[in-house]
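Numbering (full-length UniProt numbering), first residue to last: 1 to 343. Down below is the structure, laid out as structure tokens.
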């Protein structure tokens with residue numbers, strides 16, 4: 001049987017010696033890597049109000065309001081000499097080309113019995129992809145305090161960009177009346193639509209964290225506690241949403257994908273773990289220096305060996321990567337993932 005000390009085994013690294021864990025490698029990771037700057041990150045107030053809200057059936061305890069968001073890369077210049085007919089044709093084609101990548105965000109209110117019990121009012125956010133059937137609908141719940149935190153965080157970086165975006169105010173009295181809840185629901189609908197219309201805001205860590213971080217923190221907490229099935233249940237729901245929100249920078253979803261790999265592997269599901277690992281490697285294809293690259297490849301080599309698949313090519317890929325850009329690592333993939341989302 002092959003051993004890590006001999007060629008042909010998944011642990012053999014040829015002339016490359018694995019580095020011992022050092023102080024720098026053991027520094028705790030507090031979250032995924034920062035988002036990649038997109039070609040339009042310099043854009044500021046490119047906001048456009050949503051003018052075509054979808055109607056939905058009223059949920060229990062209140063009406064449902066729908067806001068449509070489209071990731072629009074740009075449009076004709078305000079000084080364009082296009083005729084009205086040409087402009088209409090332009091936007092018709094633009095809408096058709098963006099149909100598969102636009103999203104609909106639905107904001108609804110908590111149930112009536114929860115409001116009567118004076119519990120914090122929960123706002124339900126449903127994110128679905130429009131233009132095609134979306135089987136990975138994301139349903140989130142956020143409190144008023146969560147929206148407040150989002151606003152404070154955005155003001156630190158995008159004060160000028162969001163200076164015209166009005167945040168719904170809290171009242172000293174009457175916060176749980178039907179009229180006040182309905183008014184605030186409409187205000188949050190407008191607030192989120194305006195934020196999403198600003199490209200640099202919707203691609204920001206602050207906005208993405210608002211929609212994904214609470215669920216990711218819970219999932220990684222379950223992972224640290226050995227509750228792999230529970231962690232997977234949460235990750236299966238939140239990772240598709242994270243992938244939609246980070247399409248401009250896929251590397252941001254790598255920690256969550258690696259957490260899924262670890263859960264599947266420790267639940268003795270090597271095939272599922274390997275499939276998730278391939279998705280993570282695809283996100284890292286041009287990021288050989290990324291802190292997850294070497295530990296992920298090492299885990300994939302071992303999984304491939306277990307499954308009887310081609311692990312030699314993965315070994316060669318890791319060796320070549322280390323020769324081109326030596327990246328010392330001393331943490332396993334699991335040791336790396338459990339350090340995410342600690343705070």
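From the three backbone atoms N, C-alpha and C, an ideal C-beta is built for every residue, glycine too.
Since I believe residue j is in contact with residue i (beta carbons under 8 Å), could you give me their beta-carbon distance rounded to a whole number of angstroms?
i           : j           : result
residue 366 : residue 258 : Summary: the structure shown does not reach residue 366, with the chain confined to residues 1 through 343, and so no result is reported for it.
residue 296 : residue 281 : 6 Å
residue 274 : residue 307 : 6 Å
residue 154 : residue 201 : 7 Å
residue 256 : residue 216 : 6 Å
residue 128 : residue 142 : Wrong, their Cβ atoms sit about 17 Å apart, outside the cutoff.
residue 208 : residue 121 : Contact doesn't hold; Cβ gap of about 24 Å is too wide.
residue 170 : residue 191 : Their Cβ separation, rounded to whole angstroms, is 13 Å, which puts residue 170 and residue 191 out of contact at 8 Å.
residue 241 : residue 138 : 4 Å
Return yes when the Cβ of residue j is within less than 8 Å of the Cβ of residue i, no when it is not.
i           : j           : result
residue 253 : residue 239 : yes
residue 165 : residue 195 : yes
residue 251 : residue 337 : no
residue 204 : residue 149 : no
Rounded to the nearest angstrom, what separates residue i and residue j at their Cα positions?
i           : j           : result
residue 221 : residue 341 : 8 Å
residue 64  : residue 188 : Low confidence applies here, because residue 64 scores a pLDDT of 40, under 50, leaving its location unreliable; read the following figure in that light. Computed Cα separation, rounded: 12 Å.
residue 322 : residue 289 : 9 Å
residue 233 : residue 330 : 29 Å
residue 184 : residue 168 : 6 Å
residue 333 : residue 228 : 15 Å
residue 276 : residue 83  : 50 Å
residue 178 : residue 162 : 29 Å
residue 339 : residue 231 : 15 Å
residue 152 : residue 206 : 10 Å
residue 243 : residue 199 : 17 Å
residue 328 : residue 285 : 19 Å
residue 268 : residue 316 : 26 Å
residue 298 : residue 186 : 50 Å
residue 310 : residue 266 : 21 Å
residue 226 : residue 264 : 12 Å
residue 218 : residue 260 : 13 Å
residue 160 : residue 300 : 45 Å
residue 147 : residue 343 : 18 Å
residue 213 : residue 312 : 37 Å
residue 305 : residue 325 : 25 Å
residue 272 : residue 279 : 11 Å
residue 287 : residue 136 : 28 Å
Report the partner residues of residue i according to the DSSP bridge assignment.
i           : result
residue 122 : 143
residue 138 : 127
Verify the contact flag: residue i, CB atom, against every heavy atom of the ligand HEM, threshold strictly below 7 Å.
i           : result
residue 198 : No copy of the ligand HEM appears in this structure; indeed no ligand is present at all.
Taking CB distances under 8 Å as the criterion, tell me whether residue i reaches chain E.
i           : result
residue 333 : No chain E appears in this structure, which consists of one protein chain only.
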